[in-house]
Amino acid sequence: MKRFYWLSILLVLALVLMGGCAAEQEPAAPEVETEMGVEAEPDADLDQKYKLRFANYFAGESGPGMIGQEFCDDVERLTNGRVEVEYYPGGMLLGADKMYDGVSEGIADIGLSNLGYTFGRFQVTEVMDLPHGFPNAWVASHVASDFYKEFTPSEWDETRVLTLTSSPVNNIFTVSVPVKKPEDLRGLILRGTGYIGKLVEALGGTARPVAMPDAYDNLAKGVIAGLLIPYETTKTFRYGEVTNYVTEVWPLGQVYTFYIVMNKDAWNQLPADIQGIINDYIEGEYIEKLSQMWNRIDIEGKEYAIESGYEIIEVPPEELDRWLELGSVVVDDFVDSLVAAGYSEDEIRGWISYIQERIDYWSEKRIELGIKASTGTEEMLYDFD
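Shown next, in the form of structure tokens:
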């Protein structure tokens with residue numbers, strides 16, 4: 003009995019000591035699975051610095067150039083200096099047509115470019131470049147972001163897409179021939195890439211996929227007679243110095259779609275908390291900054307055109323249906339090409355319907371917020387007087 007008594011006491015003491023030791027141990031930090039499947043401890047490597055390189059083909063002093071620098075500055079500020087983003091505008095690191103491959107291969111960690119420079123590579127997303135009737139840059143840019151989040155096409159799987167955005171709405175700019183009707187485009191060579199170029203040809207012109215930085219010299223030397231581009235390019239690319247006429251075909255509502263992508267390995271090396279900061283910043287702030295930037299610089303471009311004495315030609319209401327009918331040819335061509343690539347027509351029409359729904363949503367939101375623009379209905383048109 004005595005032996006059993008002492009054994010019982012020793013067992014109780016052992017259990018007490020084991021419980022005390024367990025209480026003194028630090029609990030294991032939970033692992034956090036990031037959106038890309040990378041596991042990290044939320045409090046790990048707080049002193050670790052991360053350097054990224056952002057490439058942009060726009061000149062640093064342009065609106066799209068400055069918004070890239072703003073991204074770099076904001077990310078560094080929001081991460082308390084843990085992330086430093088070196089900025090390479092003006093094609094210093096990668097040109098527009100090399101941007102996507104350059105980012106996926108790690109030449110740059112982040113890059114901004116345009117779908118038209120790799121026409122056919124992003125077949126699904128190129129639906130955004132069709133003449134949908136976008137009224138202005140602010141609406142179009144928000145719709146572009148929404149489209150990617152809704153459908154997340156697998157064609158982007160090589161990189162981490164930060165967001166899509168879009169240019170202001172295109173108009174016809176010419177050097178010496180005023181365009182008052184589609185027939186006036188016959189025999190004219192206009193700069194236009196991808197489905198913008200296809201609209202040029204549907205309207206009766208000849209499209210040439212000249213890089214934007216090269217178009218100035220092409221216009222000055224008479225290689226091309228004009229461009230299908232937004233007002234903002236009169237200043238961004240100085241086309242206002244070499245063109246004299248603009249035909250407002252904004253009711254067709256066609257834009258150039260841009261992407262900002264990040265190298266997957268560069269993204270995956272970032273801790274979960276930094277990834278979260280960048281995601282929250284893009285969704286909560288940067289998408290709106292992009293939309294406002296495009297809207298603002300197009301207003302400035304139209305002001306420049308007015309002050310420079312451009313002849314501004316408006317399509318008469320009775321002629322608009324004919325322009326729109328020609329534009330619909332481009333939509334039909336897109337649908338046919340994607341059906342041939344293996345997509346169902348119902349799926350393709352679903353993308354187009356979604357875009358129309360988001361145009362309506364953001365158009366109403368713009369009225370609610372009182373955002374004026376360079377193009378669109380009289381109700382919300384910026385006062386240029």
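In the numbering used here, the protein residues as written are 3 to 387. Quick reminder that beta carbons are idealized off the backbone N, C-alpha and C, glycines included.
Quick check: what's the CA-CA separation for residue i versus residue j?
{"i": "I231", "j": "M101", "result": "21 Å"}
{"i": "P180", "j": "Y312", "result": "10 Å"}
{"i": "G189", "j": "K182", "result": "15 Å"}
{"i": "E349", "j": "K51", "result": "44 Å"}
{"i": "G70", "j": "E305", "result": "24 Å"}
{"i": "E88", "j": "F73", "result": "11 Å"}
{"i": "T208", "j": "S64", "result": "29 Å"}
{"i": "V141", "j": "K367", "result": "9 Å"}
{"i": "L281", "j": "W296", "result": "Position check: residue 281 holds Asn in this sequence, whereas Leu was assumed. For N281 and W296, the distance between alpha carbons rounds to 21 Å."}
{"i": "P184", "j": "W325", "result": "7 Å"}
{"i": "L254", "j": "K53", "result": "43 Å"}
{"i": "P318", "j": "E380", "result": "15 Å"}
{"i": "S339", "j": "G199", "result": "16 Å"}
{"i": "M382", "j": "I373", "result": "7 Å"}
{"i": "M264", "j": "D186", "result": "43 Å"}
{"i": "T245", "j": "V202", "result": "17 Å"}
{"i": "G303", "j": "K291", "result": "18 Å"}
{"i": "G352", "j": "Y150", "result": "14 Å"}
{"i": "Q358", "j": "S365", "result": "10 Å"}
{"i": "G118", "j": "V212", "result": "10 Å"}
{"i": "P66", "j": "D323", "result": "33 Å"}
Apart from the five residues on each side of it in sequence, which residues of its chain come closer than 7 Å, Cβ to Cβ, to residue i?
{"i": "E160", "result": "S106"}
{"i": "A204", "result": "L328, G329, V331, V332"}
{"i": "Y384", "result": "I301, K374, A375, S376"}
{"i": "I361", "result": "H134, G135, F136, V141, V145"}
If I measure Cβ to Cβ from residue i and keep anything under 8 Å in the same chain, skipping five residues before and after, which residues do I get?
{"i": "I289", "result": "S143, H144, S147, T165, T167"}
{"i": "G104", "result": "A57, L95, L96, A110, G113"}
{"i": "A217", "result": "R193, I226, L229, F239, Y241"}
{"i": "E152", "result": "Y356"}
{"i": "V341", "result": "E347, I350"}
{"i": "L48", "result": "R84"}
{"i": "I284", "result": "L164, T165"}
Name the residue from the options whose alpha carbon lies nearest to the alpha carbon of residue i.
{"i": "Q294", "options": "K266, Y363, A375", "result": "A375"}
{"i": "F386", "options": "I191, S115, R298", "result": "R298"}
{"i": "Y258", "options": "G224, K291, D338, M214", "result": "M214"}
{"i": "R55", "options": "L80, N82, G93, L48", "result": "G93"}
{"i": "T2", "options": "Y384, G378, D99", "result": "A query on residue 2 cannot be resolved here, the shown segment of the chain reaching from 3 to 387 and no further."}
{"i": "E321", "options": "E243, D335, E250", "result": "E250"}
{"i": "G135", "options": "L383, R351, G378", "result": "G378"}
{"i": "F336", "options": "D131, A61, D75", "result": "D131"}
{"i": "T236", "options": "T195, S310, Y283", "result": "S310"}
{"i": "Y363", "options": "G62, G352, P137", "result": "P137"}
{"i": "P155", "options": "T176, V177, D334, Q125", "result": "Q125"}
{"i": "I314", "options": "G118, T195, W158, N173", "result": "N173"}
{"i": "K206", "options": "V212, I191, T195", "result": "Residue identity differs from the one stated: residue 206 is Gly in this sequence, not Lys. When each option's Cα is compared against that of G206, the closest is I191."}
{"i": "Y247", "options": "E157, A61, S178", "result": "S178"}
{"i": "L272", "options": "R360, D75, E86", "result": "E86"}
{"i": "G108", "options": "G286, D76, R162, D219", "result": "R162"}
{"i": "W158", "options": "W252, I354, F260", "result": "F260"}
Tell me which residues share the same chain as residue i and place their Cβ nearer than 6 Å to its Cβ, disregarding the 5 neighbours each side in the sequence.
{"i": "D300", "result": "A139, P170, P232, Y233, E234, S376"}
{"i": "I262", "result": "L114, L164, T165"}
{"i": "Y90", "result": "A57"}
{"i": "A222", "result": "V244"}
{"i": "L371", "result": "none"}
Could you please give me the residues that DSSP links to residue i through a beta bridge?
{"i": "L166", "result": "Y261"}
{"i": "V248", "result": "F175, I314"}
{"i": "F56", "result": "Y89, I112"}
{"i": "G228", "result": "T176, L192"}
{"i": "L383", "result": "A375"}
{"i": "R210", "result": "R193"}
{"i": "T161", "result": "N265"}
How should residue i be labelled, buried or exposed, when 16 other C-beta atoms within 10 angstroms of its C-beta is the threshold for buried?
{"i": "I369", "result": "exposed"}
{"i": "G122", "result": "exposed"}
{"i": "Q256", "result": "buried"}
{"i": "T127", "result": "buried"}
{"i": "A307", "result": "buried"}
{"i": "N116", "result": "buried"}
{"i": "N82", "result": "exposed"}
{"i": "A268", "result": "buried"}
{"i": "A42", "result": "With a pLDDT of 42 at A42, under the threshold of 50, the predicted position of this residue should be treated as unreliable, though the coordinate-derived value follows. By the 10 Å Cβ count, A42 comes out buried."}
{"i": "G344", "result": "exposed"}
{"i": "G286", "result": "exposed"}
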